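Number of protein chains: 2
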Amino acid sequence: MKLKVYADRMSQPSRAVIIFCKANGIDFDEIRIDISKRQHLTPEYKEINPMKQVPAIVDGRFRLFESHAILIYLACAFPGVLDHWYPADLFRRAKINSVLDWHHSNLRGGAATYMLHTVLGPALGVKVNPEVAAKAEKLLTSSLSKIESIWLKGNSKFLMGGLQPSIADLSLVCELMQLELLDEKDRIRILGPHKKVEQWIENTKGATRPHFDEVHKVLYKAKARFQEQRSMGVNREIESTIKKVLPSKM
Amino acid sequence: MKLKVYADRMSQPSRAVIIFCKANGIDFDEIRIDISKRQHLTPEYKEINPMKQVPAIVDGRFRLFESHAILIYLACAFPGVLDHWYPADLFRRAKINSVLDWHHSNLRGGAATYMLHTVLGPALGVKVNPEVAAKAEKLLTSSLSKIESIWLKGNSKFLMGGLQPSIADLSLVCELMQLELLDEKDRIRILGPHKKVEQWIENTKGATRPHFDEVHKVLYKAKARFQEQRSMGVNREIESTIKKVLPSKM
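Below you can see the structure in the form of structure tokens.
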């Protein structure tokens with residue numbers, strides 16, 4: 001029975017799991033759980049993942065949720081996966097586990113909360129709180145500095161001097177890709193000072209080509225929509241300014 | 001060379017690592033990093049853990065931080081550790097990884113934030129925000145409900161039907177122990193409705209006796225101090241009420 005991956009490509013951990021499967025030639029069926037249509041909250045999906053989150057997998061009789069646990073399981077259960085993704089070596093494996101654990105309350109905590117309280121909140125019915133956004137940006141930028149100074153020091157192509165990506169590279173880079181949805185000036189303000197991080201994102205894209213861009217297509221489309229809305233907003237602002245200005249001159 | 005564990009027993013992940021070592025007969029030196037004295041921020045400790053957090057370990061030339069990664073490393077690197085702590089079986093191991101991943105943004109996110117914005121904030125110089133505390137309590141109680149309904153269903157002694165504890169039981173139970181510092185009525189309000197969780201805490205204590213209580217001694221002492229301060233606060237309140245009431249009667 002083929003592996004089933006329940007995912008929404010708008011979710012960053014979903015994208016990491018899908019890219020991993022594709023990059024490693026794992027045969028799987030992708031079952032789309034559309035979060036915007038609240039499909040993750042149905043009783044049917046609760047049977048797959050009682051936490052009502054994506055991604056989740058079903059492999060024969062075995063069910064699993066949480067993307068890091070899924071990536072580790074796939075790396076260990078499927079024989080074709082190359083060692084660099086999750087090395088058998090105890091020490092290298094421990095260091096990858098450490099990055100993945102750190103990710104939760106740091107890079108993910110910062111990036112996901114920042115996105116929710118800026119561009120994503122209105123679309124998801126969440127009341128945006130600028131104070132929360134400011135605090136999240138601080139956590140996000142301090143996380144980026146730590147990634148650079150601790151795990152990308154020297155001319156490291158991937159985290160911890162790796163010559164090939166591990167599941168930690170894939171998970172963290174997919175997390176960062178959501179910043180594409182930001183207004184360009186905000187994205188540059190946050191990512192711009194972190195040249196090593198920008199290069200690392202490119203390296204991870206390159207190492208998982210063409211799957212990385214293919215799986216991110218939905219995000220790039222959303223980015224285009226957000227940009228369009230912003231420029232329409234700007235046009236409306238100009239119109240409204242013109243309207244305000246014109247009568248006073250008439 | 002003996003394993004070195006850098007820890008502060010007031011930190012819940014530090015306690016989990018120390019109890020694990022003691023329960024498994026791992027020979028180690030405990031190096032106290034007193035957070036209240038900001039010893040985790042010194043340049044010397046930054047050499048051990050660049051993230052400036054406890055716990056961290058040094059095993060020969062190998063350095064590692066993040067408690068879950070440490071627990072997994074110890075379970076795999078030390079031959080005397082019994083299988084139930086982190087089973088070699090791929091499926092059981094994946095399920096334990098899943099619980100540990102979930103822990104970060106749910107039980108830990110809820111419990112640690114709630115404690116910081118109630119009893120611990122004033123001692124740590126953090127401005128307590130009741131709105132943040134209320135949100136954290138919601139996350140904490142929903143996490144407790146999920147633990148009960150998903151991982152402690154039936155008459156499960158430990159998570160996922162285990163007859164012996166795993167590193168997930170130890171990590172999550174140590175997290176919950178910080179609730180001991182709360183005012184009794186708050187602790188009962190939060191934990192009281194979750195009888196299975198209360199029993200699971202007792203089971204984990206029992207399975208790691210006498211180490212569990214020995215390592216938690218510092219927490220029990222802090223609990224006594226908090227209670228004393230509270231009762232002095234109540235006494236002061238009574239005194240101040242008496243003073244307010246008396247003059248009006250005189």
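For the protein sequence lines, the chains are G and D, in the order given.
Heads up: the first sequence is residues 1 to 250, going by the UniProt record's numbering.
Heads up: the second sequence is residues 1 to 250, going by the UniProt record's numbering.
The C-beta atom is built at its ideal place from N, Cα and C for all residues, glycine as well.
The structure displayed is predicted, hence computed values, not measured ones.
Asked: Neighbouring residues, chain D, relative to G:Ile-31 (Cβ below 9 Å); Found: Residues of chain D passing the Cβ test: none, with the nearest at roughly 19 Å.
Asked: Interface residues of chain D facing G:Lys-146 [CB-CB closer than 9 Å]; Found: Pro-50 and Met-51
Asked: 4-residue-minimum alpha helix (DSSP H) runs that sit fully inside the UniProt domain "GST C-terminal" (89-226) of chain G, ordered along the chain; Found: 90-103, 109-115, 121-124, 130-146, 167-177, 184-191 and 195-207
Asked: Below-9 Å beta-carbon distance, D:Glu-66 vs any chain G residue; Found: yes
Asked: Proximal residues to G:Tyr-73 (C-beta, below 7 Å), its chain only, five neighbours per side dropped; Found: Leu-64
Asked: Status (buried if at least 16 other CB within 10 Å, exposed otherwise) for G:Pro-79; Found: exposed
Asked: Identity of the residues DSSP links to G:Val-31 by a beta bridge; Found: Note on identity: in this sequence residue 31 of chain G is Ile, with Val being the wrong assignment. According to DSSP, G:Ile-31 bridges with G:Tyr-6.
Asked: Chain-ordered neighbours of G:Ile-26 on chain D, where CB pairs are closer than 9 Å; Found: Simply none; closest approach about 15 Å.
Asked: is_contact[D:Gly-161, chain G] using C-beta, thresh 9 Å; Found: no
Asked: C-beta atoms of G:Trp-85 and G:Leu-71 nearer than 9 Å; Found: yes
Asked: Short CB-CB distance (under 9 Å) between G:Asp-101 and chain D; Found: yes
Asked: Separation of G:Gly-162 from G:Ile-201, as counted between CA atoms; Found: 14 Å
Asked: Residue environment, D:Val-58, which counts as buried when at least 16 other CB atoms sit within 10 Å; Found: buried
Asked: Contacts of D:Ser-156 in chain A (Cβ-Cβ under 7 Å); Found: Among the chains of the structure shown, chain A does not appear; the protein chains present are G and D.
Asked: 9 Å Cβ cutoff, G:Asn-97 in contact with chain D; Found: yes
Asked: Within chain D, the residues that G:Phe-91 reaches when beta carbons sit closer than 7 Å; Found: Phe-62
Asked: Exposure label - D:Val-215; buried when at least 16 CB within 10 Å; Found: buried
Asked: Amino acids of chain D, ordered along the chain, whose beta-carbon sits closer than 8 Å to that of G:Ser-11; Found: Within chain D, no residue comes near G:Ser-11; the closest Cβ sits about 14 Å away, beyond 8 Å.
Asked: Among D:Ala-111, D:Ser-143, D:Glu-184 and D:Leu-176, nearest to D:Ala-224 - alpha-carbon criterion; Found: D:Glu-184
Asked: Three-state secondary structure (DSSP) of G:Leu-71; Found: helix
Asked: Nearest-angstrom Cα separation, counted from G:Ile-147 out to G:Ile-167; Found: 15 Å
Asked: Candidates D:Val-5, D:Asn-106, D:Arg-92 and D:Glu-228: closest to D:Leu-172 by CA position; Found: D:Asn-106
Asked: Counted within 10 angstroms of its Cβ, other Cβ atoms place G:Lys-249 as buried (16 or more) or exposed; Found: Low per-residue confidence applies at G:Lys-249: pLDDT is 39, beneath 50, and the placement is therefore not dependable enough to give any value.
Asked: Chain-order list of residues whose beta-carbon lies under 8 Å from that of G:Leu-191 (same chain, five-residue window excluded); Found: Leu-144, Leu-176, Leu-179, Val-197 and Glu-198
Asked: Distance between beta carbons of G:Ile-19 and G:Thr-141, contact taken as under 8 Å; Found: Rounded, the Cβ-Cβ distance is 25 Å, inconsistent with contact.
Asked: Simplified DSSP assignment, three categories, for G:Leu-64; Found: strand
Asked: Outcome for residue 252 of chain D when other beta-carbon atoms lying within 10 angstroms are tallied against a minimum of 16; Found: No answer is possible for residue 252 of chain D: the residues shown for chain D start at 1 and end at 250.
Asked: Short CB-CB distance (under 9 Å) between D:His-40 and chain G; Found: no
Asked: Cβ of D:Gly-109 within 9 Å of any chain G Cβ; Found: yes
Asked: Chain D contact for G:Ala-94 (CB, 9 Å cutoff); Found: yes
Asked: Chain D contacts made by the stretch 68-90 of chain G, where a contact means CB separation under 7 Å; Found: His-68, Ala-69, Ile-72, Tyr-73, Cys-76, Ala-77 and Leu-90
Asked: Contact with chain G by D:Ile-167, beta-carbon distance below 9 Å; Found: no
Asked: Under 9 Å by beta carbon: chain D residues contacting G:Ile-19; Found: Under the 9 Å cutoff, chain D gives no residues; its nearest Cβ is about 18 Å from G:Ile-19.
Asked: Below-9 Å beta-carbon distance, D:Ser-14 vs any chain G residue; Found: no
Asked: D:Ile-26 (DSSP reduced to helix, strand or coil); Found: coil
Asked: D:Asp-83 - containing beta strand (DSSP E), residue span; Found: Looking at the DSSP string, D:Asp-83 is not in any beta strand (DSSP E), and its letter there is neither H nor E.
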